[in-house]
Amino acid sequence: MGAKTERTSMWKFALLGVLGWVSVFLIPQPAEAEYADVVINNYADAAGMRPVVFPHWYHRIRFRCKVCHADLGFKFKAGGNKITMAKIIDGKFCGACHNGEISWSVENCAMCHSGIPGTPTHISGSTVQRLVAPAYKSLPQ
Amino acid sequence: MKKYFKGLTAAAALAVVLPVANANEAAPLVMSASTAVTSAELTGSVPEKLNVSKANVFNRLLKKIKDPNASPVDDGIHDTANDSVHALQPPKVAYEGLPKSEYGNHIDWVKALDDGFLNPRYDRVDPEVEPFVMDLDIVRPVKASVPDVVFPHKPHTQWLHCSNCHPKIFIPQRGANQINMSAIILGQKCGVCHGKVSFPPTTKSCKKCHSKPKPADWKPPLSQATVKNPWR
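Here the protein sequences line up with chains A and B, keeping their order. The numbering used here applies: residue 2 is where the first sequence begins, and numbers increase by one. The numbering used here applies: residue 44 is where the second sequence begins, and numbers increase by one.
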């Protein structure tokens with residue numbers, strides 16, 4: 002008798018366990034943006050455009066850091082370059098390649114201006130962001 | 044989250060209970076100790092309905108990335124109402140075949156370059172330009188007990204130009220650069236890249252930089268509070 006109830010509760014446990022495991026894979030999991038994706042929203046929101054999402058990984062597969070960060074003058078600071086469309090069409094910053102020659106041209110607005118409106122400028126997955134308690138203030142660069 | 048934990052505990056129970064049930068028939072002698080535990084669990088020393096407060100969940104501050112290398116469509120920063128987002132390449136497609144790592148993009152970029160899986164340009168237009176690579180290791184002694192830091196110029200110069208780091212971030216002079224982990228985590232010194240783009244400082248990656256073990260007779264220096272402890 003005792004053994005029987007023990008066994009049924011065991012199976013209840015087992016069933017619960019299996020269901021639990023299955024549900025882990027079925028419910029959609031919150032994802033996180035790719036490490037080092039940069040959201041730039043210095044001026045975009047104010048101009049009625051979506052903020053820019055810059056995928057670092059896509060560019061580093063094709064170019065070494067040196068090309069943008071030494072030759073093109075991109076500072077190592079999200080939002081620190083004050084990039085505007087006027088500079089881009091003058092061939093500066095993104096415009097050095099996104100000119101229809103090395104890469105697609107600037108009329109593809111929404112390829113870059115693709116972020117969720119209102120997202121602040123940041124680098125996704127950065128150490129400062131991942132701190133459990135926020136750092137008092139990021140030190141000046 | 045709660046479901047996840049339920050699943051975990053229940054699955055753990057399953058893993059424990061099932062072998063016990065089988066072994067019960069086969070080897071009753073060996074089982075006596077563990078059956079005592081399971082029957083105690085089932086007959087009441089553990090209440091049937093758990094009333095553990097939500098404030099006491101297992102690890103309330105541990106943030107885990109559920110889907111590393113999510114596609115732009117469901118990464119949470121791209122606006123899916125924007126049709127162009129669906130034209131963007133998902134990182135997983137691009138990472139096919141690249142050597143893996145446990146942090147950052149979960150790609151070992153330096154190894155990928157060394158093994159010839161990548162051929163990024165060193166010049167904006169000319170794919171033939173060769174990088175100016177310098178193979179020089181700098182050993183930086185560390186005060187604490189962690190291994191000393193060996194900074195390899197080679198992988199850095201494969202990707203970067205001297206002017207990216209010198210002289211603004213690192214003064215190219217022995218002993219001129221005070222570096223500490225707090226500054227790095229807050230995005231200064233090494234942290235200008237490491238923790239933003241290149242592999243981040245995490246518990247798993249400490250030894251990538253802290254790679255030179257202390258000499259066998261090394262002892263951690265005693266703090267002044269210990270040396271001058273009046274109650275010692």
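Even glycine gets a Cβ: it sits at the ideal position worked out from N, Cα and C.
Inter-residue spacing [alpha-carbon to alpha-carbon] between residue i and residue j
i: residue 47 (chain A); j: residue 36 (chain A); result: 26 Å
i: residue 53 (chain A); j: residue 262 (chain B); result: 51 Å
i: residue 104 (chain A); j: residue 97 (chain A); result: 9 Å
i: residue 125 (chain A); j: residue 238 (chain B); result: 10 Å
i: residue 58 (chain A); j: residue 150 (chain B); result: 10 Å
i: residue 49 (chain A); j: residue 116 (chain B); result: 22 Å
i: residue 153 (chain B); j: residue 198 (chain B); result: 6 Å
i: residue 93 (chain B); j: residue 13 (chain A); result: 16 Å
i: residue 15 (chain A); j: residue 101 (chain B); result: 22 Å
i: residue 243 (chain B); j: residue 111 (chain B); result: 15 Å
i: residue 63 (chain A); j: residue 163 (chain B); result: 4 Å
i: residue 212 (chain B); j: residue 232 (chain B); result: 6 Å
i: residue 86 (chain A); j: residue 43 (chain A); result: 12 Å
i: residue 234 (chain B); j: residue 99 (chain A); result: 29 Å
i: residue 131 (chain A); j: residue 34 (chain A); result: 13 Å
i: residue 82 (chain A); j: residue 76 (chain A); result: 6 Å
i: residue 38 (chain A); j: residue 254 (chain B); result: 29 Å
i: residue 218 (chain B); j: residue 93 (chain A); result: 37 Å
i: residue 136 (chain A); j: residue 97 (chain B); result: 27 Å
i: residue 128 (chain B); j: residue 90 (chain B); result: 51 Å
i: residue 246 (chain B); j: residue 227 (chain B); result: 14 Å
Contact with chain B by residue i, beta-carbon distance below 8 Å
i: residue 108 (chain A); result: no
i: residue 120 (chain A); result: yes
i: residue 93 (chain A); result: no
i: residue 117 (chain A); result: yes
i: residue 86 (chain A); result: no
i: residue 40 (chain A); result: yes
i: residue 77 (chain A); result: yes
i: residue 135 (chain A); result: no
i: residue 83 (chain A); result: no
i: residue 129 (chain A); result: yes
i: residue 44 (chain A); result: no
i: residue 47 (chain A); result: no
i: residue 62 (chain A); result: yes
Partner residues on chain B for residue i, Cβ-Cβ distance less than 9 Å
i: residue 105 (chain A); result: Simply none; closest approach about 10 Å.
i: residue 71 (chain A); result: 203, 204, 205, 206, 207
Neighbouring residues, chain A, relative to residue i (Cβ below 7 Å)
i: residue 153 (chain B); result: Within chain A, no residue comes near residue 153 (chain B); the closest Cβ sits about 11 Å away, beyond 7 Å.
i: residue 222 (chain B); result: The premise fails here: residue 222 (chain B) is roughly 13 Å from chain A at the closest Cβ pair, so nothing lies under 7 Å.
i: residue 252 (chain B); result: By Cβ distance, chain A contributes nothing, its closest Cβ being about 14 Å from residue 252 (chain B), past 7 Å.
Any C-beta of chain A under 8 Å from that of residue i
i: residue 265 (chain B); result: no
i: residue 112 (chain B); result: yes
i: residue 132 (chain B); result: yes
i: residue 229 (chain B); result: yes
i: residue 93 (chain B); result: no
i: residue 88 (chain B); result: no
i: residue 176 (chain B); result: no
i: residue 163 (chain B); result: yes
i: residue 104 (chain B); result: yes
i: residue 144 (chain B); result: no
i: residue 166 (chain B); result: yes
i: residue 275 (chain B); result: no
i: residue 159 (chain B); result: no
i: residue 70 (chain B); result: Below a pLDDT of 50, predicted positions are generally treated as unreliable, and residue 70 (chain B), at 41, falls in that range; the measurement from the model is reported next regardless. For residue 70 (chain B), the answer is no, since every Cβ of chain A falls outside 8 Å of its Cβ.
i: residue 310 (chain B); result: There is simply no residue 310 (chain B) to check, as chain B begins at 44 and stops at 275 in what is shown.
i: residue 140 (chain B); result: no
i: residue 214 (chain B); result: no
i: residue 233 (chain B); result: no
i: residue 260 (chain B); result: no
Listed by chain order, chain B residues near residue i by CB distance under 8 Å
i: residue 57 (chain A); result: 240
i: residue 54 (chain A); result: 115, 120, 121
Proximity below 8 Å, CB of residue i to CB of residue j
i: residue 71 (chain A); j: residue 241 (chain B); result: no
i: residue 257 (chain B); j: residue 170 (chain B); result: no
i: residue 120 (chain A); j: residue 120 (chain B); result: yes
i: residue 84 (chain A); j: residue 41 (chain A); result: yes
i: residue 133 (chain A); j: residue 229 (chain B); result: no
i: residue 123 (chain A); j: residue 79 (chain A); result: yes
i: residue 66 (chain A); j: residue 203 (chain B); result: yes
i: residue 125 (chain B); j: residue 51 (chain A); result: yes
Beta-carbon neighbours of residue i, restricted to chain B and to distances below 7 Å
i: residue 124 (chain A); result: 239
Within chain A, partners of residue i - CB distance below 9 Å
i: residue 127 (chain B); result: 109, 110, 111, 112, 113, 114, 115
i: residue 137 (chain B); result: 58, 59, 62
i: residue 181 (chain B); result: Chain A residues near residue 181 (chain B): none, gap ~19 Å exceeds 9 Å.
Within chain A, partners of residue i - CB distance below 8 Å
i: residue 244 (chain B); result: 128
i: residue 148 (chain B); result: 35, 36, 37, 58
i: residue 31 (chain B); result: Since the first residue of chain B shown is 44 and the last is 275, residue 31 (chain B) is not available in this structure.
Could I get the ranges of all uninterrupted beta strand (DSSP E) runs contained in the region 43–121 of chain A, with 3 residues as the minimum, in chain order? 53–55
Just to confirm the assignment: which complete alpha helix (DSSP H) runs, minimum length 4, are found wholly within the region 88–155 of chain B? Within the region 88–155 of chain B, the complete alpha helix (DSSP H) runs of at least 4 residues are 134–137.
Please specify which runs of the alpha helix (DSSP H), each continuous and at least 4 residues long, are wholly inside the region 228–264 of chain B, giving them in chain order. 249–252
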